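Numbers given in the numbering used here equal positions in the sequence shown, counted from 1, plus 1.
Every residue, glycine too, gets a C-beta built ideally from N, C-alpha and C.
What you are looking at is a predicted structure, and each value in this text was computed from that prediction instead of being measured.
Right, one structure below, let's go through it.
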Amino acid sequence: MTQNEMPKAALRGEPSYVWRAGQQRRFEMILKFAGERIQKNILENGCGVGMYVKKMAEAGGNVTGLEYDFDRAKEARNISDKIINAAGEFLPLPSSTFDLILSHEVIEHVSSDRSAIAEMIRVLKVGGRAVIFCPNRWYPVETHGIFWKGEYYFGNKLFVNYLPRFLRDKLAPHVNVYTKKDLAKLFEGLPVKFIEKTIIFGAYDNIIARFGMLGKFLRAILQFLEKTPLKILGISHFWVVEKV
Numbered sequence: 002m003t004q005n006e007m008p009k010a011a012l013r014g015e016p017s018y019v020w021r022a023g024q025q026r027r028f029e030m031i032l033k034f035a036g037e038r039i040q041k042n043i044l045e046n047g048c049g050v051g052m053y054v055k056k057m058a059e060a061g062g063n064v065t066g067l068e069y070d071f072d073r074a075k076e077a078r079n080i081s082d083k084i085i086n087a088a089g090e091f092l093p094l095p096s097s098t099f100d101l102i103l104s105h106e107v108i109e110h111v112s113s114d115r116s117a118i119a120e121m122i123r124v125l126k127v128g129g130r131a132v133i134f135c136p137n138r139w140y141p142v143e144t145h146g147i148f149w150k151g152e153y154y155f156g157n158k159l160f161v162n163y164l165p166r167f168l169r170d171k172l173a174p175h176v177n178v179y180t181k182k183d184l185a186k187l188f189e190g191l192p193v194k195f196i197e198k199t200i201i202f203g204a205y206d207n208i209i210a211r212f213g214m215l216g217k218f219l220r221a222i223l224q225f226l227e228k229t230p231l232k233i234l235g236i237s238h239f240w241v242v243e244k245v
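What follows is the structure, given as structure tokens:
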């Protein structure tokens, strides 16, 4: 199956369409590490339909959104007229332009994650920061679905990412996952220092909507694990890097 034949949900993931506890929690993490940069020049690299663009603009930022998918970029323009339809590996933007870049669950979908990271660092100002969320390989669930015998099966699939890499990539060729070492390699040779490198669990809003207090209890337990070595099983890496 070629990339052109893959369902959009498989190839590019699903952006945030509604603002719930999970999005708010991540936004507060962004604010914490952005500092005063949240009111300066910001790029969201892979903005989907513009949910985080809207929130960062409300916080005082001069926000540009970049989105590869034309239909999603068009929808994001209902929120902001500063939306660019382009690929993250070849940003049509001048070097040293932005004080803050957000890459929220995006690099796993691009053709070249190394190029996408290098481009983000290129367009950052010295002292600017990139905030990056991306999938953790050791999360027990592959959340992007799998391919089996040429058919795409959407939804959460247990233990796929624990398979040897060549088998895992046959089942999920449409999306990457990262160990801490994998992610570090993307920054080798780039002029950055690391401000934060951790792993987080999700907010599990869908489970809470279905199961109420039981779901909230599960969320509390899992988010508590972020303070322990078991955070290695979290859903996403959360890295903040600063250009030097």
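Segment limits, beta strand (DSSP E) that includes residue i
i: N42; result: N42 to N46
i: E152; result: E152 to Y154
i: I80; result: Segment: none, I80 is in no beta strand (DSSP E) and carries neither H nor E.
i: I147; result: I147 to W149
i: V124; result: It is not in any beta strand (DSSP E) - V124 instead sits in the alpha helix (DSSP H) that spans D114 to V124.
i: E194; result: Correcting the residue type first, residue 194 is Lys in the shown sequence and not Glu. From DSSP, the beta strand (DSSP E) with K194 extends over V193 to I201.
i: K244; result: S237 to K244
i: N63; result: N63 to E68
i: F99; result: F99 to H105
Residue i burial status per 10 Å Cβ neighbour count (16 or more: buried)
i: L187; result: buried
i: P165; result: exposed
i: G89; result: buried
i: D82; result: exposed
i: F202; result: buried
i: T229; result: exposed
i: V161; result: buried
i: F218; result: exposed
i: M52; result: buried
Continuous alpha helix (DSSP H) stretch holding residue i: start and end
i: V54; result: M52 to E59
i: D183; result: K181 to K186
i: R21; result: Per DSSP, R21 belongs to no alpha helix (DSSP H) and is neither H nor E.
i: A204; result: Per DSSP, A204 belongs to no alpha helix (DSSP H) and is neither H nor E.
i: R169; result: R166 to L172
i: R38; result: Note, R38: premise wrong, no alpha helix (DSSP H); not H, not E.
Cβ neighbours of residue i in the same chain (closer than 6 Å, five flanking residues each side left out)
i: I85; result: L67
i: I208; result: G216
i: I196; result: V241 and E243
i: S97; result: K126
Length of the line joining the Cα atoms of residue i and residue j
i: M57; j: E37; result: 12 Å
i: E45; j: R211; result: 31 Å
i: Y140; j: G235; result: 5 Å
i: I122; j: V111; result: 16 Å
i: S116; j: Q224; result: 32 Å
i: F99; j: D206; result: 32 Å
i: V64; j: N42; result: 6 Å
i: V204; j: L231; result: Inspection of the sequence shows that residue 204 is occupied by Ala rather than by Val. Distance between the alpha carbons of A204 and L231 is about 17 Å.
i: P136; j: S237; result: 4 Å
i: V50; j: N157; result: 23 Å
i: G146; j: Y163; result: 14 Å
i: V193; j: L184; result: 14 Å
i: F28; j: E189; result: 27 Å
i: R169; j: V19; result: 30 Å
i: P174; j: K181; result: 20 Å
i: K48; j: E152; result: Residue identity check: residue 48 is Cys in the sequence provided, not Lys. In a straight line, the C-alpha of C48 is about 28 Å away from that of E152.
Supposed contact pair residue j and residue i - C-beta distance, whole angstroms, cut 8 Å
i: N177; j: E106; result: About 11 Å; that fails the 8 Å criterion.
i: G62; j: I39; result: 5 Å
i: V54; j: A22; result: Contact doesn't hold; Cβ gap of about 20 Å is too wide.
i: R248; j: Y179; result: Nothing about residue 248 can be read from this structure; the chain reaches only from 2 to 245.
i: V132; j: A35; result: 7 Å
i: A119; j: L191; result: 6 Å
i: F167; j: M30; result: Actually they do not touch by this definition, with Cβ atoms about 34 Å apart.
Own chain, CB closer than 8 Å to residue i, minus 5 neighbours either side, in chain order
i: A60; result: L32, I39 and Q40
i: E227; result: T199, I200, I201, F202 and G235
i: V124; result: L44, L92, L94, P95, S96, S97, T98, F99 and I102
i: W149; result: L172
Same chain, Cβ closer than 7 Å to residue i, five either side skipped, listed in chain order
i: I233; result: W139 and I200
i: S113; result: E90
i: G128; result: E243 and K244
i: T144; result: N157
i: L159; result: P141 and V142
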